[in-house]
Structures are given as structure tokens and as C-alpha cells.
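Those letters in the sequence shown? Residues 1 to 654, by the UniProt record's numbering. Here is the structure we will look at.
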Amino acid sequence: MAASPKPTVIGLYGISGSGKSFLLEYLRQKLDPAEFILFEGSDKIASLIPGGLEAFHKLDAQDKSNLRGHAIDAISKESHDSGRTAIVTGHLMFWKEQDASGQLVYTSNDLATFTHIIYLNMPAGLISQRRLNDEQKGRSLMSQDHLRRWQETEVSLLRNLCRENHILFYSMANADTLQPRIMDIILHFQQLNTVESNITRVQAKLDEILTLPKHNDLETVIVMDGDKTLAADDTGVLFWEALARAQPSSVTGSPLHELFSSRLGYSEAAFQQATLLYEEVADDEQFETVCDTVAASIVMHPQITSLLRLAAEHRHIGALVVTCGLGHVWRKVLERYELSGAVHVIGGGRIKDGFVVTAAAKAAIVSQLRNAHLYGADQAIVIVGDKQTRSRSMDEALSKAMDDGNFRPQQVLLPSQSAPRLDESRLPLVCLDDRLFIESVMCHRRSVQILHATDRPAAQLLTAPTRDASISGPALRKAHGLVGQYLAVEFVTQLIGLQEYTIPHVQGHQTTGHRLRNEEQTSVVALMRGGEAMAFGVNMVFPQAMFIHASSPSDLKRHHIDQQRTIILVDSVVNSGKSLMQFIEHVHGLQANVRIVVVAGVVQADVVVETHPLADLMRRYGASLVALRLSKNKFVGTKGTDTGNRLFNTIHLA
Numbered sequence: 001m002a003a004s005p006k007p008t009v010i011g012l013y014g015i016s017g018s019g020k021s022f023l024l025e026y027l028r029q030k031l032d033p034a035e036f037i038l039f040e041g042s043d044k045i046a047s048l049i050p051g052g053l054e055a056f057h058k059l060d061a062q063d064k065s066n067l068r069g070h071a072i073d074a075i076s077k078e079s080h081d082s083g084r085t086a087i088v089t090g091h092l093m094f095w096k097e098q099d100a101s102g103q104l105v106y107t108s109n110d111l112a113t114f115t116h117i118i119y120l121n122m123p124a125g126l127i128s129q130r131r132l133n134d135e136q137k138g139r140s141l142m143s144q145d146h147l148r149r150w151q152e153t154e155v156s157l158l159r160n161l162c163r164e165n166h167i168l169f170y171s172m173a174n175a176d177t178l179q180p181r182i183m184d185i186i187l188h189f190q191q192l193n194t195v196e197s198n199i200t201r202v203q204a205k206l207d208e209i210l211t212l213p214k215h216n217d218l219e220t221v222i223v224m225d226g227d228k229t230l231a232a233d234d235t236g237v238l239f240w241e242a243l244a245r246a247q248p249s250s251v252t253g254s255p256l257h258e259l260f261s262s263r264l265g266y267s268e269a270a271f272q273q274a275t276l277l278y279e280e281v282a283d284d285e286q287f288e289t290v291c292d293t294v295a296a297s298i299v300m301h302p303q304i305t306s307l308l309r310l311a312a313e314h315r316h317i318g319a320l321v322v323t324c325g326l327g328h329v330w331r332k333v334l335e336r337y338e339l340s341g342a343v344h345v346i347g348g349g350r351i352k353d354g355f356v357v358t359a360a361a362k363a364a365i366v367s368q369l370r371n372a373h374l375y376g377a378d379q380a381i382v383i384v385g386d387k388q389t390r391s392r393s394m395d396e397a398l399s400k401a402m403d404d405g406n407f408r409p410q411q412v413l414l415p416s417q418s419a420p421r422l423d424e425s426r427l428p429l430v431c432l433d434d435r436l437f438i439e440s441v442m443c444h445r446r447s448v449q450i451l452h453a454t455d456r457p458a459a460q461l462l463t464a465p466t467r468d469a470s471i472s473g474p475a476l477r478k479a480h481g482l483v484g485q486y487l488a489v490e491f492v493t494q495l496i497g498l499q500e501y502t503i504p505h506v507q508g509h510q511t512t513g514h515r516l517r518n519e520e521q522t523s524v525v526a527l528m529r530g531g532e533a534m535a536f537g538v539n540m541v542f543p544q545a546m547f548i549h550a551s552s553p554s555d556l557k558r559h560h561i562d563q564q565r566t567i568i569l570v571d572s573v574v575n576s577g578k579s580l581m582q583f584i585e586h587v588h589g590l591q592a593n594v595r596i597v598v599v600a601g602v603v604q605a606d607v608v609v610e611t612h613p614l615a616d617l618m619r620r621y622g623a624s625l626v627a628l629r630l631s632k633n634k635f636v637g638t639k640g641t642d643t644g645n646r647l648f649n650t651i652h653l654a
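Structure below.
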């Protein structure tokens, strides 16, 4: 049975005199009691012991800690049982001025219960005045220096504790906007913020973009990261540097490195916490100003700018920046480059964005584009920057992804003098201004090209010996070779085209001959063992092509594909298409820009309908198919009727 979700319990912290109790009463008046339940922490403790707080203060330290733990556990249970969000005032420590350090009063139960903590980091002068004016609680006199030291210690400790225990932390320092701001933060914390709900909001944003009228003809979307991709810069680092220059007294550097190096890592909680950091240090007006400063300093890579401008000229091409960085900065950068009308941005950084962009969110966007909206989005490009500034952990992560799955990216060096990642055999180089690459991105995504001779007399003649049970061995291999030659001459040339070359004429002069376009950069792959004889026939027609035997996709190595323009996969029969799909995936993974043509004798008609996975895969990768005939007969040969056994006289071994 699945565990019930953890209730939302928000801690309201701050040193004595920061205004927790006053703020709690304000929230009681403003928040809906059907949705929120509010507690003064000390009152809850008092309710659990006969004699109340007076009796509590007489307990030893361990008993006090136990009772505090019972109190927060009871609050958590009440929040869970009622389905309401709990708000609790609490203390991290008490610190008398004469003591060298404070007395910690938080418990492990607190850290296990709180989902969020709001810290009232009010000016020390204001707190000092409040303590003087508070006759009811009779607070001791403390210097502003001590109050400030107490606050700074609590904030530092709480930030670390929250990150270690997956609690979101927000520090509120502006007394003038405290009440409306705290309402906004609490209502934000009340919202369901799971990995799934965040992805749902990100996908809704994508749908909003894709349903714009200008995207009605969309076939392909270029999806790019922002930071260290569109430009060499990291918008987060630049933001905090700009803010430190503008507010040197309150900001000393970027807290992001420390955040993402904590136990939170690059989790969704970490990105939610990063958003709260931006909210802490800048209101909307300040945030806008700093984003303007950052955006003005960013210089996009010229190759990427050119690619995006070219994409903007085509109605069937869309461009999307999906960034874990500051989406608002990238919108401003694209506006400066006059690309904002053509390139949309999905990125967070502020609560009002409604989501954070994580690795999981990026994957969901690409998956949604591929499965729900488009047939494209299938080329992976890694932008490789200067070795001194790029991520050092990326090499290991890339290598692992390539080893674990069928992830076969290419790399682009920006700037061009950058050192490549890994080695070029594993991570091939590609240039964004390369003609073939641009054509592969900008071309229209047509239906799968399928050419076959099912109803032609030639097919009837060529099919007869292949179906004759009395023919096997060399004679059958010869018949299959003739089928391969026919399909190569009649259909493969039609798909790929011809090119002219000079030949000596029998009359003694030079004349023009024709051969397959880029024949010397073509590989004919025999899918063993049934495809070998037909592949030899194809190779007879295209003698300059490389010939490769492949029993499984792994037999095809990168050196078989590199520098090639066309890969011709040859098999005698295609039934379910499962093994063929594995070959196509593998070839595309090795070289995304290579053209794939499938040549087969008999193909089950079902596998070439648009809804079949093979047809869908071929469409996405731009593959084509040539067949002698399409068959509605779903008979699959075994033993004596298996094509491979008949071709090589191994029926008796079946």
C-alpha cells in the first residue's frame, strides 16, 4: 500500500521579537480556516503538559526536547488528518548576550515534519525596538549587534539544515512589504509541488506555445538549452554578480554553487529553492533591472544565431529554448537579437512562472514533442565550450549515457577552437553551418517513401523461383541476387538519384556515364543470414559501395558509417519489423545525418501503415523502403520453410 503524502507544514521562524506571533494573528484573519490550521508552537507544547509552560520550564533539557517533538508530531497528525496546511511558529535557538553561543532547541522531529520554513529576518533595530515595547513578555535587553549576530547564525544554520533535510527555506527581510508578501509565499507553498505536478505545468506551457496559430504547420522543433549553449554564459552566475555590484552590502556572491553542491543536488527541490533565493533578494522591479543588465552583457554564438534566424524563415520549423537558468533573461536576450517572435522560452526563476525546469522537465518536453506533436526532435547535439569554463562532470555523464543506452549525440565546438569532449569517434563533430546538417533540420518531414513492385510483371517473374519449394542453395541465392539487382536498378536509383561521370566510349572518345549518387559513400549492409544473397545483388549494381555483413546491430561500427551518405539495409523478409527497427535505431544513433534505405524481398503490409512502430520510426528518421512485394500473408517460415535454411541448404539442421 502506497504511503500517504507528507502533509504541508510551514514553520514560521525568527529570533525573539521578530514578529512571529503578530504575523500569525494576521494570517488567522486572512487565511481560509477550511484550508489552513495555525499554531503558536509554545501553546501547543503547553497543551501537552499539566501545568502548561510553567511546568515545561521546570523540565530538564531531554524532557523538554521530547515534549517539543511530541508537539510537532501532533501538529503533523492534525494537518494530515484534516487535509489542511499547518503554519507553526517556532524557535531554532535561544541566545543570551552574555553567552558565547546559543542554546539549540530544534528537534529531529521538526526536521522530519517541516516542508517549508519562512524566516522573519527583520532589521535588528526594528527588533530591538519591539523588544523594548513588549511589556507583556518582559524581554531582556539586548544590543543590536547581538541581535544581528543571533539572526545571522540562525539563518546560516537553518539554510544548511533545510537543505540537508529537503525543507524549502525562505528568508523575509523587508518589513514594509511583509504582510502581502508572506501571503503570496504561503499560498505558493500550499500548492502541490511534486515532480509530476511540476512536469504537468511545464507540459501545459508547451501546449500553450504549440497551439498558437503560427504553429499550425509545425513539423520540426529545434530544442536548445540556454546557459552555456546559446552563449558561453551562465545566467545564474551573471545575475548574482550583477546583484552584488548593485547591492554590495547585502550580496557577496552567488549562492547557487553551494545550493547545488548540497544534498539537494540538481533535484526539483533544489530548483524550487533556487527560485526562492531569487525571490529573497529582489522584488519584481529589482529582478527586472538586474535581468536587463545581465541580458545586455550576453553575446550569443553566431552559428546558433544564424541557425535560429534561418529557422525563423520557415513556417514548418519551430525553435524552443528550455533552460534551467533564468528564462526571463533569455527572453530579453532573444528580443535583443530580434528573435523573440520566432523563438519561445520555457524557463523559471520566479514563483509567477509556475514551474521550475529540471532535467526531468526537459526530458518530458522532448518526449511530448516527439510523441504528441511531431515526428522529429531526434538529433542530439552537445555544445562544447571552452575547456576552462565548461562542466567537468559532463564527460563522465555523457559517457555513461552513451554506454547505458542508444544515446548517440554529436558535438559542436563553440568557439571552434575549443577542445572536443571525449574522442571524436565516440562523439562525432558536426558544424551548425554544415550544408547536410542544415538540410536535415530544415527539410520537410514527408511521409515514409515506400516503393514496391507488387503488381508488376517483373515481380511475378522474380518471385516465382524464391517461392518454389524445389529450389534451394546456390540456385535460390542466385534468384535472390537477381531480386537485389532489380530493386537496386529500378527503385534505389529512383530514391537516391544518379550522378554523372566520364567513361571511355567504344568509339574511342569520352562520354557520360551514370552511377548512384555518392556511390563511393554508400554502405550495403547484409542482414544475416537471409539478406546476404540479395545484398550481393545490390552491390553488383553499386560496385563502389562498401559491403558489410551484420548479424546484429552491434556488428555495425562507427567506422562503417562515418563519412558515408547512404546506408542500404538489405533483408530477404520483413515480418514484424522488430529486428529492422533495431538496425535503424543503431545506424541513426551512430550518424544522425546519414540516409537509410531498406531493401527487402517481401514485406508484411501491416508494418508499413502509418500507425505501425516501424513506419513511425522510419518517418522520424527519414528512412525509405524498397520491396519486391508487399504481402498480406502473415505466414512466418520456420525450419524447412525458413528462408535462411533454404538459401544455405541447412533445412536438415533446423
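Every residue, glycine too, gets a C-beta built ideally from N, C-alpha and C.
- At a Cβ-Cβ threshold of 8 Å, residue 626 and residue 534 do not count as neighbours.
- In the three-state reduction of the DSSP assignment, residue 571 falls in the strand class.
- Of the other Cβ atoms in all chains shown, 16 or more fall within 10 Å of the Cβ of residue 185; this residue is therefore buried.
- Take the alpha-carbon of residue 31 and the one of residue 181: they are about 14 Å apart.
- Residue 575 has its alpha-carbon roughly 21 Å from the corresponding atom of residue 538.
- Residue 379 carries a coil assignment under DSSP once its states are collapsed to helix, strand and coil.
- Your pair residue 295 and residue 350 does not check out as a contact, with CB atoms roughly 15 Å apart and the cut at 8 Å.
- DSSP places residue 504 in the uninterrupted beta strand (DSSP E) bounded by 498-504.
- The alpha helix (DSSP H) runs lying completely inside the stretch 492-571 and spanning 4 residues or more are 493-496, 532-541, 558-561, given in chain order.
- In the DSSP annotation of this structure, the continuous segment of the alpha helix (DSSP H) that includes residue 239 starts and ends at 235-246.
- Of the candidates 112, 146, 119, 116, 146 places its Cα closest to the Cα of residue 125.
- Rounded to the nearest angstrom, the gap between the Cα atoms of residue 311 and residue 317 is 6 Å.
- Of all C-beta pairs linking the stretch 225-236 to the stretch 63-76, fewer than three are shorter than 8 Å, placing the two stretches out of contact.
- At a Cβ-Cβ threshold of 8 Å, residue 496 and residue 517 count as neighbours.
- Between residue 309 and residue 448, the CB-CB gap reaches or exceeds 8 Å.
- DSSP places residue 604 in the uninterrupted beta strand (DSSP E) bounded by 595-604.
- Going by DSSP, residue 643 is part of the alpha helix (DSSP H) stretching over 643-647.
- The three-state reading of DSSP puts residue 324 in strand, counting E and B together.
- Distance from the CA of residue 269 to the CA of residue 363, rounded to the nearest whole angstrom, comes to 17 Å.
- By the 16-neighbour rule on beta-carbons within 10 angstroms, residue 623 is buried.
- Nearest to residue 290 by C-alpha distance, out of 236, 261, 307, is 236.
- Using a 10 angstroms sphere on the CB of residue 457, the tally of other CB atoms stays under 16, which defines it as exposed.
- For residue 170, the enclosing beta strand (DSSP E) begins and ends at 168-172.
- The alpha-carbon of residue 183 is positioned some 12 Å away from that of residue 172.
- Our two residues, residue 569 and residue 203, have alpha carbons roughly 37 Å apart in a direct line.
- Residue pairing from DSSP places residue 624 in a beta bridge opposite 449, 597.
- Residue 137 and residue 34 have their alpha carbons spaced roughly 31 Å apart.
- Contact check for residue 594 against residue 561 passes: the beta carbons are separated by less than 8 Å.
- Nearest to residue 176 by alpha-carbon distance, out of 283, 278, 47, is 283.
- Take residue 158, set aside five residues on each side of it, and the residues of its chain with a beta-carbon closer than 7 Å to its own are 13, 92, 117, 119, 169, in chain order.
- For the stretch 26-111, the full-length alpha helix (DSSP H) segments reaching 4 residues or more read 41-47, 52-57, 61-82 along the chain.
- Residue range 410-413 is occupied by the beta strand (DSSP E) that includes residue 410.
- Within a 10 Å sphere around the beta-carbon of residue 477 sit 16 or more other beta-carbons, which makes this residue buried.
- Straight-line spacing of the CA atoms in residue 135 and residue 324 works out to 50 Å.
- By the Cβ criterion, the stretch 492-509 is not in contact with the stretch 525-532, since fewer than three pairs of Cβ atoms, one from each stretch, lie closer than 8 Å.
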